[in-house]
Amino acid sequence: MNSTSLQHLNGETCIICDKEKATGIHLYTSFICVECEKNITNTQTSDPKYQYYLEKLRRVKNPPLYS
Numbered sequence: 002m003n004s005t006s007l008q009h010l011n012g013e014t015c016i017i018c019d020k021e022k023a024t025g026i027h028l029y030t031s032f033i034c035v036e037c038e039k040n041i042t043n044t045q046t047s048d049p050k051y052q053y054y055l056e057k058l059r060r061v062k063n064p065p066l067y068s
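Residue numbering for the sequence shown follows this note's numbering, starting at 2 and increasing by one per position.
Spelled out as structure tokens, the structure:
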């Protein structure tokens with residue numbers, strides 16, 4: 002098994018970029034990859050991306066309900 006396959010097996014899906022990544026932080030039950038974490042913390046409130054990040058982060062506040 003190559004390293005790409007191992008990373009795919011060990012990764013988690015980021016709630017911001019929706020990509021599977023191996024490293025990041027957990028916020029409640031959600032995962033945010035290192036790249037998105039850096040982008041969020043470096044984004045100015047006047048940047049249009051700021052609103053995008055807010056919308057994505059609301060998923061942490063209201064995690065999806067599964068029935």
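Yeah, the Cβ is synthetic: ideal placement off N, Cα and C, and Gly gets one too.
Item	Value
Any chance the stretch 45–52 sits against the stretch 26–33, with 3 or more Cβ pairs inside 8 Å?	no
What's the C-alpha gap between K22 and T42?	18 Å
So, with DSSP's three-state summary, where would you put K20?	coil
For I26, is the classification buried or exposed, using 16 other Cβ atoms within 10 angstroms of its Cβ as the cut-off for buried?	exposed
List the endpoints of the continuous alpha helix (DSSP H) containing L55.	P49 to K62
Once DSSP output is grouped into helix, strand and coil, what is the label at C34?	strand
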